[in-house]
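Heads up, the thing below is written out as structure tokens.
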Ligand SMILES: Cc1ncc(C[n+]2csc(CCOP(=O)(O)OP(=O)(O)O)c2C)c(N)n1
Ligand SMILES: Cc1ncc(C[n+]2csc(CCOP(=O)(O)OP(=O)(O)O)c2C)c(N)n1
Ligand code: SF4
Ligand code: SF4
Ligand SMILES: [Mg+2]
Ligand SMILES: [Mg+2]
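Protein chains in written order, with the working numbering: chain X, -7 to 617; chain Y, -7 to 617; chain A, 2 to 350; chain U, 2 to 350.
The structure is reproduced here in structure tokens:
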């Protein structure tokens, strides 16, 4: 075995204690990578590290075994201070086959550790991955530390006594790899053991095999006298704020935030959707919450989903619909009706790479234009964006608050990264959230369906079933006073102004924009939104450590923009707007404030790296205006 | 009769020769107002005036007789210099019933002439129109010159000899009114006579009755010794550029421009649409052009229409689709596919009042955001706008040129006003247009479906049926070189940049922005787009006559903006952007150029008045920055 | 073959009514804006009569529609109403029922709204069997947009968008509904007030989606298009009013009837010639027989056009009842903290 | 009842072929990216065999699809191909045929693509009778989006979006097609290569929209869902392969057959018990009989599932032929100046 380990010529950083580490597990989509990734995340969270994860799914459901386009990967960064991104460069890559190595090697930092299943590097596997020569022996791994271990055989041997078939045995390879990685970072295997026992409760032989594989992988690390570079690494616990924690994906936090929002509003929730990557999981998550009163409806298409949600709102429920860009495009006509009839609605867009079908499994932020401007006519509505998996919870609550307080559809932007990524989430104290109960209209005397609250300009919400409030609404322009159809020119102007004024007025009912890091004035303001929060935050921190006068402003409210933002931006010599699109928020800021904000754009389907942002910020600072 | 005529206390301007006049005919939707409006327009055009017309349809198909919401009107302004708008204030209103008077009186200038059918002002008619008292006698017409003539009886008497029924006789009332108006402005009745004879060739009695009514109305003006204020008015011919003229509506000009564009490109045309006000007429017009090789397809909805048009383009035809805002919303997903697959497509949006169903029969310019930004992902495409009925022809040709030269969908914006309005159109010399023949790919050797022309960045167009060019395209991101599916991050960036670069590059292939009136620098630039051209043009002319340093810049190219526009705008102290929306082009200009452009917005479903624009421009100039 | 009349499975509300309401009590203060002579007026009248007869409460009723002349209907009913967007009414109606199954939801659509742009939503509402009454006003034309041909227009219909006559083969609304899995399919005519009122009552009694195609005359753009079977002279021979459990008779004094053409799967018209229906082998209408309904729905001249309840298959729970039950769902309730803690939780001190 | 076989009305191209092509000649260089064991592979194989057998030219063929696993199909055929957007393939295909009716257009869709989001376009392509072959791969699941239930999923299907079992009544693809006015409706099974190839050839021969539902196994998300009639043990009893002009026999050695239940409009299965089909009153399959097709399409266990060409009604011109004729329309031609001058023209000097 020992000779399989090649020392790299790039030295490993001193010591066995590090601040943070990035591990990437990769294999065939059938290899169970996501499952062991999740288990390792849990063990890491329980060890007290901060962490961020990102699953990288193949675009194909289950492509032919061993092909590069069938590779599934799971990346986690964990550390002893705030982590926020899944990491720029991988410290440890576990590649279960040649294709996984091929696809993921570019992510590994020079000098990083590469663990491969040597058994899979036979001719057939190499050919499928498109390797002309064996990378384990042709020098292409020079510069990395490589552990080529006969993982399949080891696993097969380890589970031999459990009585499972050979095929079943090989299915345990992922647990073997997990065992090794657990050993590497000193992770407790007990939570994984408990999970295996629960999951395979009905098939004890399989449970035993998986347990055996897990232990064998661990034992391999522990007992085999490995090259000294493979010695265990320790990442001390992070100093997180006190509280109870769990890991959440953005999808879970979003689902729960919507439910909690409905609870704070005192409403039932009717969630109507049509599957689309990467939005489907929200449907899946909420479909399991029937016992809390959540109704889910899988409609025949996105249009029907949006319309059903609006119908539900008309009937007095909280209508919610979700999709990704192409599906949101289909909903825009219906959203216009919700704008016109001033009904609450939450529209979730889990953005993905485009245009058109684009890169469905990759992340992007390119639907901001669509969210803010993408409807016919003057149809303003509030747009919110979540910054991190955990933040999805609070943004969802805020979306429900705004939708119901202002009687308006709200667009909530997440993305493929947020939908799938996970991080530790401090369980909120639900008591600290102020409820915002909906007051349905009940008074028949003098009832007018478009009577507005003078403070919020929201119209009343009169729910069918209420005696005396029978009324008819629709998409034809309505009289400001009576709500009846009106083609009157002056009335149209008045209603257009009222709709615009109501949405603009929301700026007075939201928290002022804060500066996330740094002073309120300075040389460079980096203004971000959405899931770029993690990398921007890390990069700004890096520059601030270097002494640069850089601040990070991260918007939750894309529309209307916070009232104090104009003043804030004036305080900086330069404004830079990193986005995973071709420059969209930057257009909004320039148009609104006439600030010479510049875009920093990346459209690769992948999150920003901290290093590329830091470099861009440094360049901007050098480039004195 | 004479006593029915009331002299107003507001004096009529001196003389019987005027520069321009505004006539508005109004009646029940069953009264045949649009028909006689069209005939009067023709007679006026043949008399050599410049003119602009605007039909004002009721929102209902045929509401109950005599109600205000069933009123149909037709307005024409004509003059001896350039006219360009249907007029701010009406000089002569012909109201066939009380409802028509009620709805249209506010449009009449004080001192204007009001001709009404006195027979219709009985109790029932007044009640239907919602008049408590008879406006002919209660003083509400003080300040106007009123001719209350028993038009129905006069008509009945005039046609008595033709043998038509009483009901048919009354149907001729519109011709009687036309006869009177023809007399008033000295219009030749011969074209109308010819039209009547042709139209009722198979029912000679009806033809005779209509002819008799026309003559009777005319004779009424001629022979009855009327009050001196009703004497004939003469509007001398306009000094229009030499050439052959006809009247066109924007719809006709657009249809013909698309056809001519296809001819210049050497393409067949597949026009796919779904009816919607005010876009349907384009479908109707093109449906009659089968003999020129135009194929029209009435699809099951707007999505299918867009998709069929894209399919046609894929197959080597010019795919064109049209709709209005709500229907365009539905097409946005499909348009994204045309962006992604880089296929030519012309999308016509005849804008109307919104949001949602809004004011379907009223005009608005509020879909610019949707056109420029209204798709998921980074999906740039060119956006053009027509300024006048005749201009629709050239803009359509330009849209076809850009779509086929750059292999891109193009959005062409018109509106409810342009679709229905008419003006004299100088017949273009078709020989002067440079053809832009499409060169379909034929070379199989080294064929790549996404090989780009280095000059335009357009990809090749390889038409099914061509041997050796078999290829597959779709909405998933395509490899820059091979066109095959690619999930590669760097390729996605490259393709995103290529798509953006191609569209931005169009700015180098269009005419530089000209200044429509005034100098290239000055105190105030008024920047407009679309059908506001007429009123802005007139208002700027008015201010320039007053000596103000105002210039008018009118954009045909909304996206990409002309390359020289930045420089142009810098030359003005102020930039004002009048729009029939809540401020959309102004956002684009501010974001792009960081110029402190201000919006001047009107959202009433009606065109700007020259007077209100002139007042706003004056106010802007006073307001020295 | 014995035929059992299917029980109406939704009772009319049984409440003490101080005074019997009249149809006028269901009218709104809005002026009705259809063209004079439009068939829509007659349908409105029939619906208001149904409401008055059944003493239906206005506040528990919602009328939902798309866009079209027909879709203006909700403005004229003194109930709750939602005039939505073109073609999507079935989706709105489904959302309303999921939010509050206790509401009585009626949907009004046209041949364009319901079968052109909205055909898919219609199909899915029908197959899901959402508890709705769907009234499709079929005038074989797009009225509101001024008379283009629709998916039910016959081949050769000349309209502004088909100046030389339409080329598209039309669909049959009732056949589409049956093919989609509808469990209640009926047909009626705008001006046949009595049968129309009856059919509408049957539709309301049915739990699930009841689909009613109403032939409606568009006096402006398609006047007299149904004269082929509605005109006075031909009516008796050209229509058959089907009734559950009764022999399928038509013609002058019921002198003709329909029977299964022996050895085949087709219907044919025969003269009774003095025989009793049984003797003549006349088929007895069994509204629970889907195949018979298909044959009836497919009849075109020279066969008589079938009117009445063609198909009614109760006994299946409606979709909304399956998903949420009968009452309006409560607000989101329950201990969400417990849900959030359902995974592995750890404590940072 | 005499039954005439309808003539195949589109000839296969009759051209000198230097060497008979093989199915492999119709494959592309793209790696096929379905899951190992997916039924789509077998369908691809069958289609390639059809092309090779008929020596179809690649450059005059277009494969159009929507989105789904099934809709990846065009990438694997060495013809022209357009992988469009979800549910809209019929509209793209219609546009292609209107632009160039000379092209041979095949459309591939799934139960989600074609019947959920795309149901309406499918219906309208079918009723218009656009000259297309539509292959609907029915796996009763949304494969590409990882296994949610689809409009053809049976009640009770447990999926991530229906964790306690789906509640929506499914549609039957063939019945929807017939209800929409389809003129060619057939059914086949991914792994039944011989009949599948035959059915596809028949589909291509038909001028107009030919609709072929292909039961396809999604090994990952819905494995074995058709075992009820495909599993080895039950196949003979649970399937009936219909053939025009032949008696409707099934079961072991054709020991059973279908007949019209006397006096009704229903089919029933009977044992031949040694009688000839005629003696046993077995129905002869007449593929031009729409009602028979409806009954066959509606058969579910315990009746056998009908496979083969259920319905074929040629003789109607296809929509594209009616609109534009047979050849690719020329460029916009003619004297446009004359058109522009067709109204009143005056001259300003
Ligand atoms: C998205 C959209 N597309 C098109 C229209 C235009 N439109 C309104 S009603 C209608 C057709 C109406 O026909 P039908 O449903 O038969 O109703 P009818 O007027 O005949 O009662 C159309 C095409 C629209 N309002 N919205
Ligand atoms: C507008 C839009 N909505 C949703 C999706 C997501 N989506 C892609 S394929 C699919 C369903 C596919 O099911 P089916 O047609 O049965 O194909 P299969 O994968 O089972 O072959 C869905 C919902 C999409 N791509 N675009
Ligand atoms: S256009 Fe036709 S359908 Fe519409 S209101 Fe008039 S008559 Fe009725
Ligand atoms: S998910 Fe199912 S349908 Fe899709 S490729 Fe895999 S096996 Fe085939
Ligand atoms: Mg209609
Ligand atoms: Mg499927």
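C-beta: ideal position from N, C-alpha, C; glycine also.
None of the values given here were measured: they were computed from a predicted structure.
By the criterion of Cβ-Cβ separation under 8 Å, what are the contact partners of residue i in chain Y?
i             : result
residue 88(A) : 293
Taking 7 Å as the limit between beta carbons, can you name the residues of its chain near residue i, skipping five residues before and five after?
i              : result
residue 43(Y)  : 33, 36, 37, 68, 69, 70, 75, 415 and 416
residue 623(Y) : Summary: the structure shown does not reach residue 623(Y), with chain Y confined to residues -7 through 617, and so no result is reported for it.
Please work out which residues of its chain come closer than 6 Å, Cβ to Cβ, to residue i, disregarding the five sequence neighbours upstream and downstream, and give them in chain order.
i              : result
residue 188(X) : 199, 202 and 203
residue 477(Y) : 468
residue 140(U) : 217, 219 and 223
residue 150(Y) : 204, 205 and 208
Along chain X, which residues have their Cβ under 7 Å away from the Cβ of residue i?
i              : result
residue 351(Y) : 469, 479 and 484
residue 145(U) : 53
Report the neighbours of residue i on chain Y: residues whose CB is nearer than 7 Å to its CB, in chain order.
i              : result
residue 338(U) : 422
So if DSSP puts residue i in a beta bridge, which residue, or which two residues, is it bridged to?
i              : result
residue 257(U) : 251(U) and 272(U)
residue 71(A)  : In DSSP, residue 71(A) forms no bridge with anything.
residue 313(U) : 185(U)
residue 537(Y) : Its beta-bridge partners do not exist; DSSP assigns none.
residue 477(Y) : 470(Y)
Note down, in chain order, every chain A residue with its Cβ under 9 Å from the Cβ of residue i.
i              : result
residue 287(X) : 99, 100, 324, 325 and 330
Starting from the beta carbon of residue i, find every residue of chain A whose beta carbon is closer than 8 Å, and list them in chain order.
i              : result
residue 465(X) : 82, 83 and 84
Quick one: list the residues of chain Y neighbouring residue i, beta-carbon separation under 9 Å, in chain order.
i             : result
residue 60(U) : 456, 457, 458, 459, 460, 461 and 462
Which chain A residues are close to residue i, counting only those with a beta carbon under 7 Å from its beta carbon?
i              : result
residue 280(Y) : 164
Quick one: what does DSSP say residue i is sitting in, helix, strand or coil?
i              : result
residue 137(Y) : strand
residue 5(X)   : Residue confidence for residue 5(X) is low, a pLDDT of 41 falling below 50, so the modelled location carries little weight and cannot support an answer.
residue 242(U) : strand
- Please go through the region 257 to 324 of chain X and give each complete alpha helix (DSSP H) segment of 4 or more residues, from N-terminal end onward. As far as the region 257 to 324 of chain X is concerned, its whole alpha helix (DSSP H) runs of at least 4 residues are 272 to 279 and 294 to 306.
- Scan the region 49 to 83 of chain X and note each continuous beta strand (DSSP E) run of 3 residues or more that stays entirely inside, going in chain order. For the region 49 to 83 of chain X, the continuous beta strand (DSSP E) assignments of 3+ residues that do not extend past its boundaries occur at 63 to 71, in sequence order.
- Task: Mind listing, in chain order, the continuous alpha helix (DSSP H) runs of no fewer than 4 residues lying wholly within the region 47 to 102 of chain A?
- Result: Complete alpha helix (DSSP H) runs here, min 4: 90 to 100.
- Unbroken beta strand (DSSP E) runs of length 3 or more, entirely within the region 198 to 239 of chain U: which are they? Taking 3 residues as the shortest admissible run, the region 198 to 239 of chain U contains the following complete beta strand (DSSP E) segments, listed from N- to C-terminal end: 211 to 216.
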